[in-house]
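*Asks:*
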Amino acid sequence: MTMLPENPSPKKLGLVIDLDICVGCHACVVNCKEWNTGSEGAPLSDINAYGAEQSGSWLNRIHTFEVTTEKTAQVVHFPKSCLHCTDAPCVTVCPTGASYKRVEDGIVLVNEDHCIGCGLCAWSCPYGAREMDPVEQVMKKCTLCVDRIYNENLPEEDRVPACVRTCPTGARAFGDLGDPESEVSEMVRERGGFDLMPEQGTAPVNKYLPPREKQHLIASDAQATETQAKNQAPDVAGFWGWVDSALAKLG
Amino acid sequence: MRPAWSIIVFTSLSGLGLGMLFWFGLGFVTLTQPIDLLIFSGLALTAVIGGLCSSLLHLGHPERAFRALSQWRSSWLSREGVFAVVTVGVACLYAMIWFTDGQRSASIGMLLSAFSMITVWATAMIYGSLKTIARWYHPLTPWVYVSLSICGGLVAVVAWEQMMSGSPVLVELTTGVLVLAFVVKVIWWRRAGQSGSGSTPESATGLGAMGQVDLLMSPHTEENWLQHEMGFVVARKHAQRLSQIAVVLAFLLPLLALWSGVSWAILAIPFVHFVGIMIERWLFFAEAKHVVTLFYGDRH
Ligand code: SF4
Ligand code: SF4
Ligand code: SF4
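Given below as C-alpha cells:
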C-alpha cells in the first residue's frame with residue numbers, strides 16, 4: 001500500500017550520522033553491501049566489477065565535500081543512505097504498492113516481488129537513496145537492516161544496522177528518533193542535529209550532526225593572539241618599566 | 252534527466268492517440284462509410300496502445316505491469332494506467348455502438364473526450380508532481396501536455412478530413428488550437444528557464460552555515476545509476492537550436508501547410524507535427540535537472 005500510514009506509531013527508527021567523527025573510510029559502505037547482498041531480497045549486483053566502467057547497486061555511499069569556511073577549507077566526509085523520511089515521496093509515487101512505509105517503526109522498504117522497476121520512486125527521492133539493481137531490475141534501498149535489528153538469532157550487540165556495527169569510529173548511531181528521551185534524540189538535541197534539504201518537505205527521520213570547529217584551528221588562533229601580544233610593547237611596572245619608558249623617550 | 256526513447260514515444264504517441272479520441276468523442280470525424288469508423292478509431296487506439304506498450308519497455312519487469320493499476324489513491328503513474336484502460340474501454344464501446352446503430356451516442360462521446368484528456372493530465376502529472384525536478388514541478392506542466400495532445404489530435408483529424416472530402420476544413424479552429432498550444436508551451440519554456448529547486452549543495456549537505464560546499468571526492472570513480480539516470484546534460488546551445496526546430500515542425504510548418512491548401516501538404520501535417528512533438532518531449536526530459544546532482548558537484 002503506497003499511502004503513507006494513516007496512524008503511524010510514534011516510533012521512528014533511524015540513524016544519526018556524526019559528520020565530526022566520520023573519517024571517510026567507506027567501511028560502512030562495504031559492510032552494508034556485504035550484509036544486504038546476502039539478505040532476503042535479490043543480491044546487490046555489480047556489473048563489470050573488475051573492469052572499466054563498473055557499476056552496481058549500493059545502499060550507502062560516502063561523498064566527500066570541501067567546505068570553505070572563513071578561516072580555511074575543511075574536508076567533510078558525508079555518508080548517505082535512505083533517511084526513512086516521515087513524508088516519503090518515494091512511497092506515494094509508487095504505482096504498485098511495492099514501496100511502502102512500515103506502520104510500526106517507520107522503516108521504508110521495497111517489496112521486490114511487486115516492484116516493476118519503473119524507477120519513479122528514485123526520481124522522487126531528493127537524496128539519491130534508491131538505486132536500480134542492474135541485474136534484477138528492481139529498486140534497491142537501505143532497509144535499516146530490518147533483518148538484523150529484530151533478529152533474535154543474532155547476539156544482542158549485533159542487533160543494530162551493519163553500517164552502525166562496523167563503523168570503526170562510531171560515526172553512525174541507531175535508535176528511535178520518535179522518542180525524545182532516546183539516546184539518539186539526546187545527541188540530536190545536544191549537538192544541533194539537522195535535516196538534509198528540509199525545503200524538499202520530506203521530513204527525514206535520519207539526522208546529521210555538524211562537524212565541530214577544528215581544535216587545531218582554535219589553537220592556532222589562540223597562539224596567534226599570544227604572539228601578537230608578545231610583540232606589542234608589554235606594560236611592565238617597576239625598574240624595567242622605567243627603563244622601557246626612558247628608552248622610548250630617547251626615541 | 253536521461254531522455255529515454257521508451258518514455259518519449261510513450262508520452263508523445265499516447266498523447267497523439269488520446270487527442271484523436273478527444274475529437275472523435277466530440278464527433279468531429281466525418282465518416283463516409285461505416286468502415287471508416289473502425290479505421291479512424293483503430294488508428295487512434297493503435298497510437299494509444301502503442302504508446303502504452305512503449306512505456307512497458309521502460310520497466311525492469313513489464314510482466315508485472317498489471318500491479319501498477321493498484322495504487323491510484325496516491326500515485327499519478329497508477330492513475331495514468333487506470334485512466335488509460337478506462338479510456339480505451341470507453342472508446343471501444345463508443346465505436347461499437349456507433350458502428351452497430353449507425354448513430355453516435357453524444358453522451359458516451361463526451362465521456363470519451365473527458366477520459367482521454369484526464370489520461371493525458373495524469374501522464375503529465377507523473378512528471379509535474381515531482382518536487383525534485385524544478386523544471387517540471389509547476390501547475391502549467393499538465394496544461395502543456397493537454398494542449399499539445401488536443402493539438403495533435405486535431406491535426407490528425409484535419410488530415411483525415413482532407414482525405415475524406417478532398418478539401419481543407421477546420422482551418423480557423425486548427426489555427427487557433429495550434430497558436431494556443433504554441434503560446435502555452437512558450438510560456439512554459441520561459442518559466443522553466445527561470446525555475447530553481449531552491450536547493451543548493453549547502454542545503455543538501457546542511458553545511459551551509461559553515462561555508463561554501465564543493466564536492467571534493469565522488470563516492471565512486473565511475474558513473475552510477477543515479478548519475479546515468481538523472482545527471483544527463485545537454486549543451487545549452489544544442490537545446491536552444493532543438494527547441495527552435497521543434498517549434499518549426501510542430502507549429503510553423505503545420506500552419507503554413509494548412510493555409511496553403513495543398514492537399515499533400517495537409518496530409519503530411521500530422522507526421523511533421525509529431526516529429527516536432529517528439530523533439531519537444533526529448534527536450535522536456537533532457538533539460539530537466541534533478542536535485543540529487545547537487546550531491547555530485549552540480550550547482551543549479
Ligand atoms: S531518503 Fe529517499 S528513499 Fe529514503 S524515504 Fe526519503 S525519499 Fe524515500
Ligand atoms: S521502481 Fe518499484 S518501488 Fe519504485 S516506484 Fe516503481 S514499482 Fe515502486
Ligand atoms: S542500515 Fe543497513 S541497509 Fe541501511 S545503510 Fe546501514 S547497513 Fe546499509
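Chains as they are written, first to last, in our numbering: chain A, 1 to 251; chain B, 252 to 551.
For glycine and all other residues, C-beta sits at the position ideal for the given N, C-alpha and C.
Quick caveat: nothing in here was measured; it's all calculated off a predicted structure.
1) Is B/TRP323 near ligand 3 - that is, is its Cβ less than 7 Å away from at least one heavy atom of it?
2) Could you name the residues whose beta carbon sits closer than 7 Å to any heavy atom belonging to ligand 3, keeping them in chain order?
3) Is any heavy atom in ligand 1 found nearer than 7 Å to the beta carbon of A/CYS167?
4) What are the residues in the segment 352–381 of chain B lying within 8 Å of chain A by C-beta distance?
5) Look up A/ALA73 in the DSSP assignment and say whether it is helix, strand or coil.
6) For the beta strand (DSSP E) containing B/SER418, name the first residue and the last one.
7) Under 8 Å between beta-carbons, which chain B residues line up against A/VAL30? List them in chain order, please.
8) Between B/THR456 and ligand 2, is there a pair consisting of the residue's CB and a ligand heavy atom that are separated by less than 7 Å?
9) Along chain A, which residues have their Cβ under 8 Å away from the Cβ of B/VAL543?
10) Between which two residues does the beta strand (DSSP E) carrying A/ALA173 extend?
11) Residues of chain E with CB under 7 Å from B/THR338, in chain order?
12) For A/ALA73 and A/TRP240, I'd like the C-alpha separation in whole angstroms.
13) What number of angstroms, rounded off, separates the C-alpha of A/ALA203 from the C-alpha of A/GLY192?
14) With a CB to CB cut of under 7 Å and the five nearest residues on each side skipped, what residues in its chain are close to B/LEU429?
15) For a quick check, are the C-beta atoms of A/VAL184 and A/ALA173 less than 8 Å apart?
16) Heavy atom of ligand 2 less than 7 Å from the Cβ of B/VAL252, yes or no?
17) When DSSP labels each residue in this structure, what does B/THR425 get in the three-state scheme?
18) Would you mind reading off the limits of the alpha helix (DSSP H) that contains B/ASP465?
19) Locate the beta strand (DSSP E) running through B/MET376, then write down its first and last residues.
20) Should A/ASP195 be flagged as near chain B, meaning a C-beta pair shorter than 8 Å?
21) So A/GLY97 and B/SER321 are in contact, right, with Cβ under 8 Å, and what is the actual spacing, rounded?
22) For B/PHE273 versus B/SER358, is the C-beta distance shorter than 8 Å?
23) Per DSSP, which residues does A/ARG130 bridge with? Please list them.
24) Between A/CYS125 and A/CYS94, is the Cβ-Cβ spacing less than 8 Å?
25) Could you give the residue range of the alpha helix (DSSP H) that holds B/GLY311?
26) I want to check one thing, is the minimum distance from the CB of A/SER99 to the heavy atoms of ligand 2 below 7 Å?
27) Tell me whether the beta-carbon of B/VAL299 lies closer than 8 Å to the beta-carbon of B/ALA346.
28) Where do the ends of the beta strand (DSSP E) carrying A/TYR100 lie?
29) At which residues does the alpha helix (DSSP H) containing A/THR37 begin and terminate?
30) Using only CA atoms, which one of B/TYR396, B/GLY293, B/VAL420 and B/MET414 lies nearest to B/ILE259?
31) Flag A/TYR127 as yes when its Cβ comes closer than 7 Å to any non-hydrogen atom of ligand 1, and as no otherwise.
32) A/SER55 CB to nearest chain B CB: under 8 Å?
33) How big is the Cα-Cα spacing for B/THR426 and B/VAL337?
34) Would you say the beta carbon of A/THR92 comes nearer than 7 Å to a heavy atom of ligand 1?
35) Given A/LYS11, which residues of its chain have a CB within under 8 Å of its CB, disregarding the five upstream and five downstream residues?
36) Going by DSSP, what residue range makes up the alpha helix (DSSP H) through A/ILE116?
*Replies:* Taking the coordinates as given:
1) no
2) A/LEU15, A/CYS28, A/ASN31, A/CYS32, A/TRP35, A/ASN36, A/LEU59, A/ASN60, A/SER81, A/CYS82, A/CYS142, A/THR143, A/LEU144, A/CYS145, A/PRO161, A/ALA162, A/CYS163 and A/VAL164
3) no
4) ILE377, SER380 and LEU381
5) strand
6) Unbroken run through B/SER418: none, as it is neither H nor E.
7) Under the 8 Å cutoff, chain B gives no residues; its nearest Cβ is about 12 Å from A/VAL30.
8) no
9) CYS125, PRO126, TYR127 and GLY128
10) 172–176
11) Looking at the structure shown, chain E is missing, and the protein chains on hand are A and B.
12) 44 Å
13) 16 Å
14) CYS402, PHE502, PRO505 and LEU506
15) yes
16) Strictly speaking, residue 252 of chain B in this sequence is Met, with Val absent from that position. Not under cutoff, so the answer is no.
17) helix
18) No alpha helix (DSSP H) contains B/ASP465, which is instead part of the beta strand (DSSP E) from 463–468.
19) Looking at the DSSP string, B/MET376 is not in any beta strand (DSSP E); the run it does join, the alpha helix (DSSP H), is 357–379.
20) yes
21) 5 Å
22) no
23) A/LYS141
24) no
25) Here B/GLY311 belongs to no alpha helix (DSSP H), and DSSP marks it neither H nor E.
26) yes
27) no
28) 99–101
29) 27–37
30) B/TYR396
31) yes
32) yes
33) 31 Å
34) no
35) GLU104, ASP105, GLY106, ASP176, GLY178 and ASP179
36) Counting along the chain, A/ILE116 falls outside any alpha helix (DSSP H), and DSSP gives it neither H nor E.
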